[in-house]
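Peer 1: As given, the protein sequences belong to chains A and B, one line each in that order. Counting from 104, one number per residue, gives the positions in the first sequence under our numbering. Counting from 104, one number per residue, gives the positions in the second sequence under our numbering. A virtual CB, placed ideally from N, CA and C, is assigned to each residue, including glycine.
2 protein chains.
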Amino acid sequence: MALGTDYELQDCALARALEVVGERWSLLIVRDAFYGVQRFNDFLTHLGIPRAVLTARLNALVAAGVLRKEPYQYAPLRHGYLLTEAGLELWAPLYLLSRWGGRHATPDGPRHLFAHAACGTDLDRAGACPRCGRFVPPGEVVIRPNPGRGGAPRTDPVSLALAGPHRLLEPLASAAPSTSHSA
Amino acid sequence: MALGTDYELQDCALARALEVVGERWSLLIVRDAFYGVQRFNDFLTHLGIPRAVLTARLNALVAAGVLRKEPYQYAPLRHGYLLTEAGLELWAPLYLLSRWGGRHATPDGPRHLFAHAACGTDLDRAGACPRCGRFVPPGEVVIRPNPGRGGAPRTDPVSLALAGPHRLLEPLASAAPSTSHSA
DNA sequence: TCCGGTGAGTCTGATGAATGAACCTGCTTT
DNA sequence: AAAGCAGGTTCATTCATCAGACTCACCGGA
Numbered sequence: 104m105a106l107g108t109d110y111e112l113q114d115c116a117l118a119r120a121l122e123v124v125g126e127r128w129s130l131l132i133v134r135d136a137f138y139g140v141q142r143f144n145d146f147l148t149h150l151g152i153p154r155a156v157l158t159a160r161l162n163a164l165v166a167a168g169v170l171r172k173e174p175y176q177y178a179p180l181r182h183g184y185l186l187t188e189a190g191l192e193l194w195a196p197l198y199l200l201s202r203w204g205g206r207h208a209t210p211d212g213p214r215h216l217f218a219h220a221a222c223g224t225d226l227d228r229a230g231a232c233p234r235c236g237r238f239v240p241p242g243e244v245v246i247r248p249n250p251g252r253g254g255a256p257r258t259d260p261v262s263l264a265l266a267g268p269h270r271l272l273e274p275l276a277s278a279a280p281s282t283s284h285s286a
Numbered sequence: 104m105a106l107g108t109d110y111e112l113q114d115c116a117l118a119r120a121l122e123v124v125g126e127r128w129s130l131l132i133v134r135d136a137f138y139g140v141q142r143f144n145d146f147l148t149h150l151g152i153p154r155a156v157l158t159a160r161l162n163a164l165v166a167a168g169v170l171r172k173e174p175y176q177y178a179p180l181r182h183g184y185l186l187t188e189a190g191l192e193l194w195a196p197l198y199l200l201s202r203w204g205g206r207h208a209t210p211d212g213p214r215h216l217f218a219h220a221a222c223g224t225d226l227d228r229a230g231a232c233p234r235c236g237r238f239v240p241p242g243e244v245v246i247r248p249n250p251g252r253g254g255a256p257r258t259d260p261v262s263l264a265l266a267g268p269h270r271l272l273e274p275l276a277s278a279a280p281s282t283s284h285s286a
């Protein structure tokens with residue numbers, strides 16, 4: 104973490120986790136990765152983060168084993184950032200923190216709702232499906248906008264792709280190069 | 104958050120949560136509050152945080168409704184910092200993040216273990232008691248050191264009090280003024 | 001009344017990160 | 001040839017953090 108090595112005195116696994124994922128933008132990057140964001144520019148425009156910081160965070164998350172780089176084209180080499188196994192296991196803490204934020208830090212309630220893809224039931228506070236009675240892994244979760252929220256309309260490709268229901272971890276549409284149609 | 108107001112563009116409840124609890128030391132302060140730390144100086148020595156930063160964080164957490172100030176003496180007015188209802192609900196995300204850190208960011212495994220006070224069973228990955236089959240609220244959790252860990256011996260009062268089993272939320276022993284007995 | 005101690009801070013200068021804008025590279029399309 | 005795009009790097013400025021000294025109100029003892 105940016106704390107240098109200050110946390111290393113802490114006895115706690117939480118301090119270790121925060122060294123990996125506790126920096127300013129890190130958890131939001133991981134959240135976007137769950138949403139299906141894979142490319143540098145998509146993270147950039149969706150988060151509004153300075154490029155240099157994004158570079159640093161992505162490299163740190165790769166070094167920590169949360170993300171990995173995967174080439175998606177070779178002509179000019181380009182790669183996306185995907186969640187590793189360890190990264191995928193951040194879903195539960197991330198979801199719980201998000202729920203907490205929706206209850207206690209968001210005046211008008213959450214802007215997104217999460218449901219179990221298989222049965223359409225909204226997840227409970229622990230990230231489980233009340234109907235199926237078990238925890239739902241991120242790949243089986245569908246995120247959709249909360250209809251009760253007006254919200255400022257954002258126009259970056261990621262926000263547009265998330266304007267409708269979307270299954271977590273599936274690459275967002277902006278990944279399509281879209282050769283000559285309504286660019 | 105220290106990001107100024109940058110996160111406010113984000114659609115997500117997670118961003119809201121991170122504005123409250125995502126700053127550099129905030130979650131460690133909340134963790135210590137679960138451990139039973141209540142006093143300024145105990146946070147200070149246990150975390151090794153600069154005083155000015157601790158002041159800022161405590162005030163921010165109080166303003167956000169995560170902690171509240173409670174006087175424990177009036178002669179010279181002194182107060183401790185206690186978790187509010189909203190703060191108590193951070194237990195689940197905090198525990199999950201800590202577990203994640205123990206699995207993926209701590210080389211020798213976690214330094215603390217958590218058990219259900221009523222039956223002595225260790226909590227599972229979701230913070231539930233496998234025997235009782237339900238989520239265990241923090242007030243019913245006992246933390247104890249992981250015997251498998253040597254670890255550097257720390258000598259601040261909070262670390263000493265946590266050297267043995269301790270029920271979460273119970274004030275740590277350092278709260279005793281101890282007038283003239285084996286200071 | 002003077003003296004030292006304690007709890008909970010505030011103030012200050014030095015250091016280090018975050019920010020935003022501009023620039024660079026390799027390749028493709030017009 | 002010129003422009004565009006993806007994914008960066010470099011730079012000056014601003015902001016947060018750090019460590020340590022200082023403050024303030026009160027207590028308890030001589």
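(1) Under DSSP, the alpha helix (DSSP H) around Gly-204/A begins and ends at which residues?
(2) Pro-196/B and Pro-196/A - do their beta-carbons sit closer together than 9 Å?
(3) Go ahead and pull the three-state DSSP assignment for Gly-183/B.
(4) Any beta-carbon of chain B closer than 9 Å to the one on Pro-274/A?
(5) Got a sec: is the Cβ-Cβ distance from Gly-168/B to anything in chain A below 9 Å?
(6) Glu-126/A: buried (16+ other C-beta within 10 angstroms of its C-beta) or exposed?
(7) Strictly by DSSP, which residues pair up with Leu-216/B?
(8) In whole angstroms, what separates the C-alpha of Ala-264/A from that of Lys-172/A?
(9) Name the one or two DSSP bridge partners that Cys-232/B has.
(10) What residue ranges within the segment 130 to 178 of chain B form continuous beta strand (DSSP E) runs of no fewer than 3 residues, ordered along the chain?
(11) Taking C-beta to C-beta, are Asp-145/B and Asp-225/B nearer than 9 Å?
(12) Between Gly-223/A, Pro-274/A and Ile-132/A, which has its C-alpha nearest His-149/A's C-alpha?
(13) For chain A, find out if any of its Cβ atoms is closer than 9 Å to the Cβ of Pro-196/B; answer yes or no.
(14) Does the contact criterion of 3 or more C-beta pairs under 8 Å hold for the segment 172 to 186 of chain A versus the segment 115 to 126 of chain B?
(15) Examine chain B for any beta-carbon lying closer than 9 Å to the beta-carbon of Glu-140/A, and answer yes or no.
(16) Could you have a look at Arg-270/B and say whether DSSP puts it in helix, strand or coil?
Peer 2: Inspection of the coordinates gives the following:
(1) 194 to 207
(2) yes
(3) strand
(4) no
(5) yes
(6) buried
(7) Arg-247/B
(8) 22 Å
(9) Arg-237/B
(10) 170 to 176
(11) no
(12) Ile-132/A
(13) yes
(14) no
(15) It is Val, not Glu, that sits at residue 140/A in the sequence shown. So, not an interface residue.
(16) strand
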